[in-house]
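**Student:** The opening residue of the sequence shown carries number 1 in the UniProt record's numbering; numbering runs sequentially from there.
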Amino acid sequence: MNTRLCHFSCQKWTFGQKTMDSWLNEELSGCAFKDQRLTTRFKSIVACLSEKSGKSIPEICEEWASTKAFYRFLSNERVEASEILAGHFEQTMSRVKSIKGPCLVLHDTTEFIYNRKKPLSNNSSPLSSTNKQYDVGFGKDYKTGSILLQASLAITLEGLPLGLTSTKFWTRKGSDPDKELKKKNSPTCMPAEAKESIKWQESLNTTHKLLGCHASKVIHVSDRESDIYDYMCNCHELNAYFIVRSSVNRLTEESTLVDEVALTKRAFKHMINYQDANGNNIEATLNIKIKQLKIKASRNNKQSCYPELPITVVSAVEVDRPVDREPIKWTFLTNLPVSNKEESLSVIDWYKQRWKIEVYFKVLKCGLKVEESKLRTAERLTRLIAICCILAWRIHWLTMLNREDRRLAPKLAFDNVERLILENYIKKKKPETLQDYILRLAKLGGYLARSNDPPPGNTVIWRGLNRLYELKAGFELAQNCG
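#1: So the alpha helix (DSSP H) H214 belongs to, where does it begin and stop?
#2: Tell me, please, which residues DSSP counts as bridged to V218.
#3: Find out if the Cβ-Cβ distance for the pair L74, F112 is shorter than 8 Å.
#4: Roughly how many whole angstroms lie between the Cα atoms of E62 and L375?
#5: Between the Cα of L157 and the Cα atoms of C235, C481, I288 and S346, which residue gives the shortest distance?
#6: On the CB-based measure, 16 or more other CB atoms within 10 Å of its CB, does V136 come out buried or exposed?
#7: Which one of V314, S222 and N249 has the shortest CA to CA distance from R266?
#8: Output the distance between the C-alpha atoms of K468 and K217, rounded to the nearest integer angstrom.
#9: Go through its chain and collect everything with a Cβ distance to A316's Cβ below 7 Å, but skip five positions before and after it.
#10: Is the Cβ-Cβ distance between T264 and Q292 less than 8 Å?
#11: May I ask you to verify whether the segment 40-56 touches the segment 367-384, counting CB pairs closer than 8 Å and requiring at least 3?
#12: Kindly give me the distance between the Cβ atoms of E308 and L160, rounded to whole angstroms, as I take these residues to be in contact under 8 Å.
#13: In or out: Q91 buried (at least 16 other Cβ within 10 Å) or exposed?
#14: Rounded to a whole number of angstroms, what is the C-alpha to C-alpha distance between T399 and F70?
#15: Can you round the beta-carbon distance between C388 and L412 to whole angstroms, since I take them to be within the 8 Å contact cut?
#16: Rounded to a whole number of angstroms, what is the C-alpha to C-alpha distance between W393 and S166?
#17: Thinking C-alpha only, which one of R463, L439, L465 and W462 is nearest P455?
#18: Are the segment 220-232 and the segment 246-261 touching by the rule of at least three beta carbon pairs closer than 8 Å?
#19: If you follow the beta strand (DSSP E) that S66 is part of, which residue opens it and which one closes it?
#20: On the DSSP bridge assignment, give the partners of D108 in chain order.
#21: What whole-angstrom Cβ distance do L336 and I219 have, given they're in contact under 8 Å?
#22: Looking only at DSSP bridge pairs, what is L327 linked to?
#23: Since N458 and I357 should fall inside the 8 Å C-beta cutoff, what is the C-beta to C-beta distance between them, to a whole number of angstroms?
#24: Measure the Cβ-Cβ separation of L471 and L434 and say whether it is below 8 Å.
#25: Which of helix, strand or coil does DSSP assign to V338?
#26: Report buried or exposed for S29, applying the criterion of at least 16 other Cβ atoms within 10 angstroms of its Cβ.
#27: Distance, Cα to Cα, S22 vs A478?
#28: Using CA coordinates, which residue listed in L384, T377, D223 and D259 is at the minimum distance from W350?
#29: Once the 5 residues before and after D163 are set aside, which same chain residues still bring their CB inside 7 Å of it?
#30: Going by DSSP, what residues sit across from A284 in a beta bridge?
#31: Going by the C-beta, is K173 closer than 7 Å to any heavy atom of the ligand ZN?
#32: Kindly list the residues whose CB is nearer than 6 Å to the CB of S124, restricted to its own chain and excluding five residues on each side of it in sequence; keep chain order.
#33: What first and last residue would you give for the beta strand (DSSP E) that runs through K318?
#34: How would you label V319, buried or exposed, when you count the other beta carbons within 10 angstroms and need 16 or more for buried?
#35: Do you know how far the Cα of E343 is from the Cα of Y425?
In structure tokens:
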């Protein structure tokens, strides 16, 4: 081992039997459970998970006493997901506060699928997202259960994730409850509180409450599922900006949304470049239209309860219909001031950042492998996912931090020992900027850094982190052994 490595000392904070890196200590500083022993145990668990992400609980803990303590924490009824994420929410608010100018909050829902011989249980009552059973190849029928997560992720306009501002976990009894209600009532006649779609308003309100006076700098971005009149009314009541992709042909003062847009003259043409699912580079020319109008609630008792909403419609439709794929057809609803080319293109660019939350969910599922857990109850799985939400943000943050144009200090992401390992493990020119260190981290995860390679993604970053922590453990062991 390098002499320089052997004589280096590392400063850490100790919780129980496990040490904690400084970034975790800061990220979890706002966590306070009802019992201080739970706080200590929680911080120790997160430290273990951060060093062995994606592994099973026995692999992470390595001994029965620690494994049993981990299971007991996940089974503790006094532990709520909101308490687990309280410190992270506090740090997110601090990061949003430090950003000059506006930032985006991306809202979306994901589903974690678990295959069990028996459905997931919640307070001794079976819960499952589907009644389907299937054969896995060994002659045994397995049932599919799920936990759903509605998450809100704050990012900068350039795409750097700042952290979560809201989460909601729930499970379904049988099929989608909204579908059951629709069999008996018209969807537009049902109260918002009776629908699962109330999640959009709850996420909005929770984020607004968390950010306080800084909520005015936030633009809420969500997909077609959130094209709900109640949600947009809620945004207007809170004076919150939103961008929603349209899915409903809404009523306007004179006709309908689709008719109004069709009669609007094209404002300008715009060319975009993107990659399809197969990695092919595609160029497309879009007709951009801008239209200010007022939309109304549906033709029922809602019209007497809800006001007309002034919005701006930004429409982007591909000029020439392609033969081998579906044409691009985007219609966005927003209450942002949009009157020219630059502002309308900003709306489109900001909506394109919505994909960042899909990448975040991928890190949770593929990097941290939360769907591979063998825990048997929905409550335990929910607590485990909540813990992993913090670590998934860290991985995604490191990935996007590497793409920042600014020259950032390496100590922002790595402690002294981690920097020393990255400097010496790969014998090349000593790294200087944070981006140099992240590039070396990615190489530990299999990134080749060829001249034509794109920037390292989340996969090589999470693999690199696991390798870095293994090297760090070996270094600390060598120190302790003299």
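In this text, a Cβ means the ideal position worked out from N, Cα and C, and glycines have one as well.
Remember, predicted model here, so these are calculated numbers, not experimental data.
**Tutor:** Once the coordinates are examined:
#1: Position 214 of the sequence shown, counting from 1, holds the residue named residue 214. Per DSSP, H214 belongs to no alpha helix (DSSP H) and is neither H nor E.
#2: Here residue 218 is taken as the residue at index 218 of the sequence shown, counted from 1. Beta-bridge pairing links V218 to C103.
#3: As a position in the sequence shown, residue 74 is number 74, starting the count at 1. As a position in the sequence shown, residue 112 is number 112, starting the count at 1. No. Outside cutoff.
#4: Position 62 of the sequence shown holds residue 62. Position 375 of the sequence shown holds residue 375. So the two alpha carbons sit approximately 18 Å from each other.
#5: Translated into the one-based positions of the sequence shown, residue 157 becomes position 157. Nearest option by C-alpha distance: S346.
#6: Position 136 of the sequence shown, counted from the first residue, corresponds to residue 136. Caution applies to V136, whose pLDDT of 42 falls short of 50 and renders its modelled position unreliable; the value that the coordinates give is listed next. Classification for V136: exposed.
#7: The residue given as residue 266 occupies position 266 in the sequence shown. The shortest Cα separation from R266 among V314, S222 and N249 belongs to V314.
#8: As a first step, residue 468 is located in the sequence shown; it is residue number 468 there, counting from the start. As a first step, residue 217 is located in the sequence shown; it is residue number 217 there, counting from the start. Just to set this straight, residue 468 is Leu in the shown sequence, not Lys. Roughly 37 Å separates the two Cα atoms.
#9: Walking along the sequence shown from the start, residue 316 turns up at place 316. The residues are L286, I288, I328, W330 and I348.
#10: For this step, residue 264 is matched to residue 264 along the sequence shown. For this step, residue 292 is matched to residue 292 along the sequence shown. Contact: no.
#11: yes
#12: Taking the first residue of the sequence shown as 1, we reach residue 308 at position 308. Taking the first residue of the sequence shown as 1, we reach residue 160 at position 160. No, E308 and L160 are not in contact; Cβ-Cβ is about 37 Å, not under 8 Å.
#13: On the sequence shown, residue 91 is found 91 positions in, with the first residue counted as 1. Flag for Q91 reads buried.
#14: For the purposes of this step, residue 399 is identified with residue 399 of the sequence shown, where counting begins at 1. For the purposes of this step, residue 70 is identified with residue 70 of the sequence shown, where counting begins at 1. Going by the C-alpha atoms only, they are around 29 Å apart.
#15: Along the sequence shown, one-based indexing puts residue 388 at 388. Along the sequence shown, one-based indexing puts residue 412 at 412. With 8 Å as the limit, C388 and L412 do not qualify as a contact, their Cβ atoms being about 23 Å apart.
#16: The count along the sequence shown starts at 1 and reaches residue 393 at position 393. The count along the sequence shown starts at 1 and reaches residue 166 at position 166. Distance between the alpha carbons of W393 and S166: 13 Å.
#17: Taking the sequence shown and counting its residues from 1, one reaches residue 455 at position 455. When each option's Cα is compared against that of P455, the closest is L439.
#18: yes
#19: Position 66 of the sequence shown, counted from the start, is the residue given in the question as residue 66. First-last for S66: W64 to S75, but that is the alpha helix (DSSP H), not the beta strand (DSSP E).
#20: Position 108 of the sequence shown, counted from the start, is the residue given in the question as residue 108. Looking at the DSSP assignment, D108 forms a beta bridge with A151.
#21: Translated into the one-based positions of the sequence shown, residue 336 becomes position 336. Translated into the one-based positions of the sequence shown, residue 219 becomes position 219. Contact flag correct, Cβ pair sits at about 7 Å.
#22: In the sequence shown, residue 327 corresponds to position 327, counting from 1. In the sequence as displayed, the identity of residue 327 is Pro instead of Leu. Partner(s): none; P327 has no beta bridge.
#23: Translated into the one-based positions of the sequence shown, residue 458 becomes position 458. Translated into the one-based positions of the sequence shown, residue 357 becomes position 357. No, N458 and I357 are not in contact; Cβ-Cβ is about 13 Å, not under 8 Å.
#24: Residue mapping note: residue 471 aligns to position 471 of the sequence shown, counting from 1. Residue mapping note: residue 434 aligns to position 434 of the sequence shown, counting from 1. No, they are not a contact pair.
#25: Counting from one through the sequence shown, the residue named residue 338 turns up at place 338. Residue state, collapsed to three classes: coil.
#26: Residue mapping note: residue 29 aligns to position 29 of the sequence shown, counting from 1. The residue is exposed, with fewer than 16 neighbouring Cβ atoms inside 10 Å.
#27: Within the sequence shown, the letter at position 22 stands for residue 22. Within the sequence shown, the letter at position 478 stands for residue 478. When rounded, the distance between both Cα atoms is 21 Å.
#28: Residue mapping note: residue 350 aligns to position 350 of the sequence shown, counting from 1. Cα-wise, what sits closest to W350 is D223.
#29: Residue 163 sits at position 163 when you count from the first residue of the sequence shown. Here residue 163 turns out to be Gly, not Asp, going by the sequence shown. Taken in chain order, the residues that qualify are H88, Q91, T92, R95, A154 and W393.
#30: Within the sequence shown, residue 284 is the residue found at index 284, counting from 1. I272, per the DSSP bridge assignment.
#31: In terms of ligand content, the structure shown is empty, and the ligand ZN therefore cannot be addressed.
#32: Within the sequence shown, numbered from 1, the residue matching residue 124 stands at position 124. Residue placement at S124 cannot be trusted, given a pLDDT of 44 that sits under 50; the coordinates are not used to answer.
#33: As a working note, residue 318 is residue 318 in the sequence shown. With the sequence shown as reference, residue 318 is identified as Glu, and Lys is not the correct amino acid for it. Start and end: L309 to E318.
#34: Taking the first residue of the sequence shown as position 1, residue 319 is located at position 319. V319 should be labelled exposed.
#35: Residue 425 sits at position 425 when you count from the first residue of the sequence shown. Residue 343 sits at position 343 when you count from the first residue of the sequence shown. Rounded to the nearest angstrom, the two C-alpha atoms are 47 Å apart.
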